[in-house]
Amino acid sequence: MDNKDKISDTFLALNYLNLSKYYSKSKLKSKLNINMVWDVYLNPLKYQNQINEFLKKKVFSDAYFLILKNEGCIYQAKLNAASNDRVFSRSSNEFKIEIVKSNKNEDVYYLILKIINDIDLQLLNLYVICDNESDCIKLPILNDKQAQILIKKSDNFFNLITNPNAEIFIR
Amino acid sequence: MKKYTVIIPTTNNVVGINDIVKEDPLVSSVICENNNLEALPISPFYNSFVKSPTGIIEKLIGHPSFRIDITKPIHNGKSWQLAIAIAHIFFKNNILNFSNENQLLTKKTEEIIWASGTINSNLEIKKINYLDQKIYNSMNFLKNCTKNKVQINIVLSIKNKDDFNSVLSNNEFLKDAIKTKLIKVLFLNNLYDLFDHLNLKNILKKPTKRLSFFHKSKKTLSLLSVIFVTILFALMFNHVWQKTSPLLNLNDNKNYSLLLTTLKTYRYGNLTERVIAYFYDYIQTLQANEINKQIRINFIPYNDLETNKLKCIPGSQSIDHVCNLNLEVSNIGIDTVFLWALKFSNLNLDDIGIQKTNKKSDIVNGMIKSNETFLIDIKNSHEPITVFIIYSKEFDIKIIDWLKRVDKEKSLLETTIKRIKTLGYGYTIKSIKNVKLIENKI
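The structure is reproduced here in structure tokens:
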């Protein structure tokens, strides 16, 4: 990527973030390297091992998810109503998630993702964001529009994905 | 029951099975390494191998989803299928001994199944590649087993026999181990054969052959066909019997008028009735012919006057009018025959002005035993006459009445003949004409 492209991407990112209008150093609560946000968005494989660290920074995750939302991803909003504080099945027009307990280990669950419609996007990661917390998990190759991931109950990802207030992004 | 440890040889490692767990049917089957959270890349293939209709494990075990843990990763290939299938069947029957992460042989290990091959949906074992590499990678493990006196079963497709023999030719350890029977090599066509060899036929029974199933069905169908045809015949017979029995009853009870009426109805009735009437007539005709054949009729001319005796020599076709006639009826059969004979004039009595009311019927009846003769004297008459003789093996009193009616009314002759035929009686009608013969004298 040459400097010209970097500048272009930065302004595009600022435009998405709607920050350009108000952008001033004094207003920032924390440092935001918009170049980095944009680069992570464009090269998720390059940052695969670091992405969860980045998402811990609220400003980064806000900017990142805004880009994802606007640039193209499959998304599921917070649930309107849930009878339990944990949700093990979520469904939208675009995808369905089932979380099934493993019989081998009580701490292990299977996250079964089923994409409903054909989609042109390359789906690499599943992001979950809830109450200023976010996490990401790498998706295996989809087989017949379906993927299965083993998750641990003790992991933060499990807490977030089963939370009815969680928003889910797949990209 | 003896427990087996199943080993999956690969080109890189000798792999043991750590654990097998039945999972929720919603879950796709996964293979993991040593209880890790990450599914191995062959998991989708394992899932296809498990889940029906593509897979065989669900068909064999009856459950569609498993998690299996192995001691070392398997990244590609399908030669794990045979060992995994054996492990699943052993696991179901509680004769599988799991390996540990760092120890393939455990204290519980009694016998080893070292298996490499792919399996199709008919459970046929297919050839695998890199057998030499897999065996060389397993050499230390196999030596360890023989050292611990653990029996090893090397299970391969029969199509790998040549490959194995070429490996064996350069391997003294294997030769010795096979000679001392510490290693058994099983070349199999299908998975059922393994369980035959291990004397575990009850665990995996060969399904009844399809041909046999069709054969059984064929037998059942044949039986059903026979039953169906029998029932059909029974119904037909019942139907025919219902139509025939009234005729037989009427015949037995000698209720001839009703019998004849019924037969007449049958002749114009439906197909069954027509066929029955036809057969009834045919049988009665046979009976009548039999009686007719039993009877011989002979006309014997005679005259007591010496001058006329020469004119009345028996055997001539024409008989002089001066001759009297005797009718000789002989029974050449075995059974006794009853006979009724009516002699009547061929002239119309009304035409010649004779009152027929007072005329006495010229009817003779009698019984002819076997090989006896009955002689009827036909008195000389100058008028042409007809002799109507009826024969029967049973005496029927009604025949005289019928003959009397014929005597009174000649037009009834045809009806009476029909009646006689219907009842299966034999009959003869002889006409004796009174003719004038003109001979050329010069």
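Top to bottom, those sequences are chains D and S.
Letter by letter, the first sequence follows residues 64 to 234 in my numbering.
Letter by letter, the second sequence follows residues 75 to 516 in my numbering.
All C-beta atoms in this analysis are idealised placements derived from N, C-alpha and C, irrespective of residue type, glycine included.
Given the structure is predicted, the values throughout are model-derived calculations rather than measurements.
Interface with chain D (9 Å Cβ-Cβ cutoff): S/Asn176 is excluded.
In terms of beta-carbon proximity, D/Gln185 stays away from the interface with chain S, with every pair separated by 9 Å or more. Bridge pairing for S/Gly500: S/Tyr465 [DSSP].
Of the residues D/Val191, D/Ile233 and D/Glu196, the one whose Cα lies closest to the Cα of D/Leu205 is D/Ile233. Counting only runs that start and end inside the region 107 to 148 of chain D, the alpha helix (DSSP H) elements of at least 4 residues fall at 114 to 118 and 121 to 134. Ranking S/Thr381, S/Asp237 and S/Ser505 by CA distance to the CA of S/Cys397 puts S/Thr381 first. Bounds of any beta strand (DSSP E) do not take in S/Ala113, whose DSSP letter is neither H nor E. D/Tyr173 sits in a strand when the DSSP states are folded into three classes. Where S/Leu205 is concerned, there is no enclosing beta strand (DSSP E), although the alpha helix (DSSP H) around it starts and stops at Leu205 to Lys221. Annotated three-state conformation of D/Ala229 is coil, per DSSP. For the region 136 to 165 of chain D, the beta-carbon criterion of a distance under 7 Å to any beta-carbon of chain S is satisfied by Glu161, Val163 and Ser165. In the structure shown, D/Asn188 falls within a strand segment according to DSSP collapsed to helix, strand and coil. The beta-carbon of D/Gln111 is placed no less than 9 Å from the nearest beta-carbon of chain S.
Rounded to whole angstroms, the Cβ separation of D/Ile200 and D/Leu189 is 5 Å, and the two are in contact under 8 Å. The residue from S/Ile135, S/Asn211 and S/Asn92 with its alpha-carbon nearest to that of S/Asn176 is S/Asn92. Neighbours of D/Leu213 in chain S, taken as residues whose beta carbon is under 8 Å from its own, are Val104, Cys106, Leu111, Glu112 and Ala113 in chain order. Following the DSSP letters along the chain, one finds D/Asn168 in no alpha helix (DSSP H), marked with neither H nor E.
For D/Ile224, there are no neighbours in chain S by C-beta distance under 7 Å, as the nearest C-beta there is about 15 Å away. Shown here, D/Ile214 sits in a strand according to DSSP, grouped into three states. Residue contact with chain D for S/Val241: absent (no Cβ-Cβ distance below 9 Å to any residue of chain D). Among the bridge pairs identified by DSSP, S/Glu97 is matched with none.
In the structure shown, the three-state DSSP call for S/Thr410 is coil.
When Cβ-Cβ separations below 9 Å define contact, S/Glu97 makes contact with chain D. Against chain D, a Cβ distance below 8 Å from S/Pro138 picks out nothing, because the smallest value is about 13 Å. The beta-carbon separation of D/Leu118 and D/Asp198, rounded to 7 Å, stays under the 8 Å limit for a contact.
The Cβ of D/Pro203 sits closer than 9 Å to at least one Cβ of chain S. With 16 or more other CB atoms across the displayed protein chains lying within 10 angstroms of its CB, S/Pro83 is buried. In the three-state reduction of the DSSP assignment, S/Arg479 falls in the helix class.
Here DSSP, grouped into helix, strand and coil, assigns S/Pro375 to strand. In this structure, the alpha-carbon of S/Asn196 lies about 35 Å from that of D/Leu202. Residue pairing from DSSP places S/Asp451 in a beta bridge opposite S/Asn400. Around the Cβ of D/Asn147, a 10 Å sphere holds fewer than 16 other Cβ atoms; the residue is exposed. Below 8 Å, too few C-beta pairs join the region 217 to 231 of chain D and the region 184 to 202 of chain S to call them touching: fewer than three. For the region 118 to 143 of chain S, the set of positions with a beta-carbon nearer than 7 Å to some beta-carbon of chain D reads Pro118 and Arg141 in chain order. D/Ile231 counts as buried, since at least 16 other C-beta atoms from the protein chains shown sit within 10 angstroms of its C-beta. Taking a contact to require three or more Cβ pairs closer than 8 Å, the region 122 to 139 of chain S and the region 148 to 161 of chain S qualify as touching.
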